[in-house]
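Note that the sequence shown covers residues -39 to -1, 1 to 251 in mature numbering (1 follows the signal peptide of the UniProt record, and there is no 0). Below is one structure; the comments refer to it alone.
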Amino acid sequence: MTSLSIYLTPCLGFQPSHNTMNLPLLFIALLALPSLTLASHGKTTVRKFNSEEDVAVALAKYTANLSHKYIKEKGSFSVVLSGGTLIHTLRKLVETPYNTTINWSKWEMFWVDERVVPLDHPLSNYKLALDAFLSKVPIPRSSIFPITYKRSPAEVAVDYEVRLKTLVEDKIIPLSATGFPKFDLILLGIGPDGHIASLFPNRPQRYEKKRWITFITNSPKPPPARITFTFPVINSASDIAMVVTDKEEAEAVAVGLGYAVVSPTLPCAEVKAKNELTWFLDKEAASKLH
């Protein structure tokens, strides 16, 4: 049997006393390091539905409930969108009753990733959201923060990170305990390869730990140049919804939820939320969960 010895050095004025002698050594070690911040994450919930229509109905109710909760608690609701089919699945939010009962004036909109194209380009995630969602609800224009276009992906990434840091300094966005911006809700889809945002398997961007925003110029999915949140920012969100409604993603969903294992694991398996990560799956997307 291997034995483990732990040696404690008093730190920042901590001195063991008779009150701590019977505590587990690991707990005493934490007492000795009062500046240590521990990252914690919440629960994971999987919600399965018969159809994409049922997912859309449930997603609208879920989002509306979180909107009410966060506006009541802190006076605003920060939402981060991705692209793809997710925007279509949000369609119920612009219909009755939510289009008139949600306090849209308190929403703040951001993007988890964007293609390096002009904002009016057909491939722009912003344009997709604008046409199908933002143009149909009264979110103040000053509360919408798209990833603006520049020819250099590196410039775009730096620009958006600076904008987020300014919003943190202005107390618009809070910081998480780990020092990254903390959004209320991030809405994500996944690809058949298990990518989320523009964090792809076999690309180094998924391993970025320090920057808030990064970029990719060789995306395996066109267009090749993209901007994306890093994992530390995504996983600092209070709540995250993973919305998947296609059989093509079923195997990636199985990996993401631990029903199958690949090495290295897929990006979708590394998503965590501070409060709750909720998977919204139709029966096609959930077909490999057995």
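Ideal Cβ positions, reconstructed from N, Cα and C, are used throughout, including at glycine.
Assigned with DSSP and collapsed to three states, aspartate 120 falls in helix. Under a 10 Å Cβ-count criterion, histidine 49 is classified as exposed, with fewer than 16 other Cβ atoms of the shown protein chains found around its own Cβ. Residue pairing by DSSP places alanine 234 opposite no residue, since no beta bridge is assigned to it. By the criterion of a C-beta distance shorter than 6 Å, tryptophan 65 is surrounded in its chain by Val98, Pro99 and Ile100, once the five residues flanking it on both sides are discounted. DSSP places glutamate 13 in the uninterrupted alpha helix (DSSP H) bounded by 13 to 35. Scanning Lys233, Val232 and Ala198 for the CA closest to the CA of leucine 27 turns up Ala198. Assignment of beta-bridge partners to valine 40 by DSSP yields Met70 and Leu146.
The Cβ atoms of lysine 67 and isoleucine 32 lie closer than 8 Å to each other. In this chain, valine 7 is not harboured by any alpha helix (DSSP H); it is covered by the beta strand (DSSP E) spanning 4 to 10. With respect to proline 142, valine 123 sits apart: the two C-beta atoms are not nearer than 8 Å. Under the three-state reduction of DSSP, glutamate 56 is assigned to coil, being neither helix nor strand. In the DSSP assignment, isoleucine 48 falls within the unbroken alpha helix (DSSP H) covering 47 to 50.
If one requires a minimum length of 3 residues, the beta strand (DSSP E) runs lying completely within the stretch 153 to 230 are 174 to 177, 187 to 190 and 200 to 205, in chain order. Taking a 10 Å sphere around the C-beta of histidine 251, we find fewer than 16 other C-beta atoms and assign the residue as exposed. Here aspartate 92 carries a helix assignment [DSSP, helix/strand/coil]. Put simply, the backbone Cα of phenylalanine 161 is about 9 Å away from that of cysteine 229.
For the options Gly219, Ala215 and Ile188, the alpha carbon positioned closest to that of glutamate 116 is the one of Ile188.
The beta-carbon separation of leucine 95 and isoleucine 105, rounded to 7 Å, stays under the 8 Å limit for a contact.
Judged by DSSP in its simplified three-state form, glutamate 245 adopts coil rather than helix or strand. Leaving aside the five residues that flank alanine 186 on each side, the residues in its chain whose CB is nearer than 8 Å to its CB run, in chain order, Arg76, Val77, Pro114, Phe176, Ile177, Thr178 and Ser180. Counting other Cβ atoms within 10 Å of its Cβ, leucine 51 reaches 16 or more and is therefore classed as buried.
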